[in-house]
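Enquirer:
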Amino acid sequence: MHNILLLTKVFLKTGGNSFASDSNKKKKSAKIGNGLMYLLICICFLPLIGLIFTLLNNVYGSFKALNQEGYLMTFVLSSVSMVIFIFSMFSIASILFFSKDIEYLLPMPFKAREITIAKFLYILFGEYLISAFILIPAYAVWIINSNPGVMFYVAAVIVFLVTPIVPILLSAIIIMPIMRFSGLVKHKDAFTIVGSFIGIGFGVGINIFTQSVGKNANSPEALQNILQSKNELINSIATIFVNVKSSTKAIVLSGSSEGIINLLILFVIIVAALGIYMVLSDTLYLKGAMSSSGSVSKKKKISSEQFEKSTDTNSPLIALVKREIKIILRTPVYLMNCGSTVLLVPICCIPVFLSGNLFSQLGGLASTIASSESAQIITLMIIYAISAFTVAVAPASGTAITREGSSIYVSKYIPVDYKKQLDAKLIVSFSISAISLILILAIVEILLKLNAILFIASLLITLLISSFASIVALLIDVMKPKLSWNTEEQAVKQNFNPFFAFAISAVILALGILPTILLIDKGLWINILVILAILAAINVAAYYVLSNYGVKRFASIE
């Protein structure tokens, strides 16, 4: 146990504070700086947390009318577990098998289970942020509406602490045999593809399964049974996360003996999952981890024409763009975190298109938008807000310099000027965020059938917002990159630069939409031209700063 705590402490220290130095004065100022960063992050996300609270509060009222308010907790816990599962699929592989500390840990007198449990705890602490982001508003909704007793708070804390455990362990239980027996540990590129399909496959499967469960619940017999029994809907939902049902009942029935029994069941589930994890660690981990330090190469005989083609000189900008794309695609953590919006938007929309009633329900709204100019202006503002939030939280540009890590010296010595290198990073980041926004806009067009003017205006606005947010995020990262990291996860998930970029972009873009609010009665064309003019102006200004100050700052990085 001592070794586990020691390793966990080391992992948390090396992964968390990148601003520390040998000077006590600097350490003190770094702690103050970190505290201010955490405070700023909390302030930035308060509006979104408030929005989640409002949505859950409205959903609670709907379920309360059906005497099924407990299903709200089932839905929330399932959603949290699914998100953590998808992200931990890539974190587990990166931290357990591909981190730089593996070659130092393996020769040390640590057991395999001690290393894996310490790394598991390190991942767990990070996933608590995701849990808090959704569970705390859900708990607040439940407390305000149901006035629970003391046991609710006990159950709520326990459920909060154990909810991320099962999805993380499930990810590890899937990953370890793959890495041990498939040989993919020597093929990081191949693992990226396999891991991506596994995570996405599970996400699609769960969404489709949820739809099928919903259809079964629409039968007259099922509806009658649900309406006659309080919280019966909890029992009708199946999930791969075996802790969800017990966690829900532990909270909903916290004032009864059944609630205590479900807490005990939850404890047994966690102990069993940890037991399986430790057995796999002892039997599979060491050989898989030792293989990760090796590499394979293929010998391929090529013709003279192929050789000449492979040695053709490309534009430096195109070559750098290709390099950035390859780095993201070949690194599971980068692919999942930087390209998550592109991957998750289509997945999350599958239930929307599987719901046949939704198109008919939105028909009236589409007609209103088509016939009312004020409704079109409001639609434009909503698309503006969605675009601003979507690109502001994407970390691709905000970690572009940080992802270089200890290889930053390559950028310093290659015969390409710094502005061109920054342009290449900007093009890739802009493309990622632009693709996700275009997908969202395409879905809006399918559902609401926007007219040509509104669609083209929305497209231009989303592209300008995407470019501005990418420029700001890259500028923030080039000003203070986090180049000292042991795992790719530290470069993206423990980097505060994207949060600073989010705060700055959100404030500027919010101010940019204010003139349109004042001119809402001046007609659609005036509003479109004003929005486009403001966005074009702030894009030119931001790119000017990046091209001058950003280039100088990049040149001074050592």
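Counting from 39, one number per residue, gives the positions in the sequence shown under our numbering.
Ideal Cβ placement from N, Cα and C applies to all residues, glycine included.
#1: Output the residue ranges of the beta strand (DSSP E) runs that lie fully inside the segment 414-491 and measure 3 residues or longer, sorted by chain position.
#2: Assuming the contact rule is C-beta atoms closer than 8 Å, residue 90 and residue 172 should be a hit. Round their C-beta distance to whole Å, please.
#3: Please report how far the alpha carbon of residue 322 lies from the alpha carbon of residue 591, in whole angstroms.
#4: Straight-line CA distance for residue 489 to residue 405?
#5: Can you give the Cα-Cα distance for residue 117 and residue 165, rounded to whole angstroms?
#6: Taking C-alpha atoms, which residue in 523, 151, 510 lies nearest to residue 582?
#7: Over the uninterrupted alpha helix (DSSP H) stretch that includes residue 183, give me the two end residues.
#8: Identify whether residue 43 lies in helix, strand or coil by the three-state DSSP scheme.
#9: Count the CB pairs spanning the segment 531-549 and the segment 482-501 that are closer than 8 Å, and state whether there are at least three.
#10: Have a look at residue 558 and residue 412 and give me their C-alpha separation to the nearest angstrom.
#11: According to DSSP, is residue 563 helix, strand or coil?
#12: Pick helix, strand or coil for residue 515, following the three-state DSSP scheme.
#13: Quick one, are the C-beta atoms of residue 602 and residue 435 less than 7 Å apart?
#14: Using the C-alpha atoms, what's the distance from residue 366 back to residue 94?
#15: Is any heavy atom of the ligand SAM found at a distance shorter than 6 Å from the C-beta of residue 124?
#16: Let me know the secondary structure DSSP gives residue 528 once reduced to three states.
#17: To the nearest angstrom, report how far apart residue 144 and residue 469 are at their CA atoms.
#18: If you reduce the DSSP assignment to three classes, tell me which class residue 520 lands in.
#19: What are the start and end residues of the alpha helix (DSSP H) that includes residue 316?
#20: Identify whether residue 553 lies in helix, strand or coil by the three-state DSSP scheme.
#21: Does the structure place the segment 438-450 close enough to the segment 571-586 that three or more beta carbon pairs sit under 8 Å?
#22: What is the rounded straight-line gap between the Cα of residue 184 and the Cα of residue 107?
#23: Would you kindly work out how many angstroms separate the C-alpha atoms of residue 319 and residue 160, rounded to a whole number?
#24: At what residues does the alpha helix (DSSP H) containing residue 592 begin and finish?
#25: Distance, Cα to Cα, residue 265 vs residue 198?
#26: Short of 6 Å in beta carbon distance, which residues of its chain neighbour residue 67, apart from the five on each side in sequence? Order them along the chain.
#27: Are residue 301 and residue 288 closer than 7 Å when you measure CB to CB?
#28: Which whole-angstrom value describes the C-beta separation of residue 279 and residue 200, a residue pair presumed to lie in contact below a C-beta threshold of 8 Å?
#29: Can you give me the C-alpha to C-alpha distance between residue 587 and residue 376, rounded to a whole angstrom?
#30: Could you say which of 127, 146, 133, 152 lies nearest to residue 41 if we only look at CA atoms?
#31: Which stretch, first to last residue, makes up the alpha helix (DSSP H) that contains residue 354?
#32: Give the straight-line distance between the Cα atoms of residue 194 and residue 425, rounded to the nearest whole angstrom.
#33: Rounded to the nearest angstrom, what separates residue 170 and residue 451 at their Cα positions?
#34: According to DSSP, is residue 145 helix, strand or coil?
Expert: Let me lay it out:
#1: none
#2: At roughly 6 Å, the Cβ-Cβ gap stays under 8 Å, so residue 90 and residue 172 are in contact.
#3: 46 Å
#4: 11 Å
#5: 13 Å
#6: 510
#7: It spans 150-184 - the alpha helix (DSSP H) in which residue 183 sits, taken as one unbroken run.
#8: DSSP places residue 43 in helix when its eight states are reduced to three.
#9: no
#10: 7 Å
#11: helix
#12: In the structure shown, residue 515 adopts helical secondary structure according to DSSP, grouped into three states.
#13: As shown, the chain starts at 39 and ends at 596. That puts residue 602 outside it, with no answer to give.
#14: 35 Å
#15: With respect to the ligand SAM, the structure offers nothing, as it holds no ligand at all.
#16: In the structure shown, the three-state DSSP call for residue 528 is helix.
#17: So the alpha carbons of these two residues sit roughly 40 Å apart.
#18: coil
#19: 295-318
#20: helix
#21: no
#22: Approximately 10 Å between the Cα atoms of the pair.
#23: 16 Å
#24: Start and end: 589-594.
#25: Below a pLDDT of 50, predicted positions are generally treated as unreliable, and residue 265, at 49, falls in that range; no measurement from the model is reported.
#26: Confidence at residue 67 is low in this model, with a pLDDT of 49, below 50, so the placement of that residue should be treated as unreliable; the coordinate-derived value is given next. Excluding residues up to 5 positions away in sequence, nothing lies with its Cβ nearer than 6 Å to the Cβ of residue 67 in the same chain.
#27: yes
#28: Going by Cβ atoms, the distance from residue 279 to residue 200 rounds to 11 Å, so no, they are not a contact pair.
#29: 25 Å
#30: 152
#31: Membership of residue 354 in the alpha helix (DSSP H) is indicated by the continuous run 354-368.
#32: 35 Å
#33: 44 Å
#34: In the three-state reduction of the DSSP assignment, residue 145 falls in the coil class, being assigned neither a helical nor a strand state.
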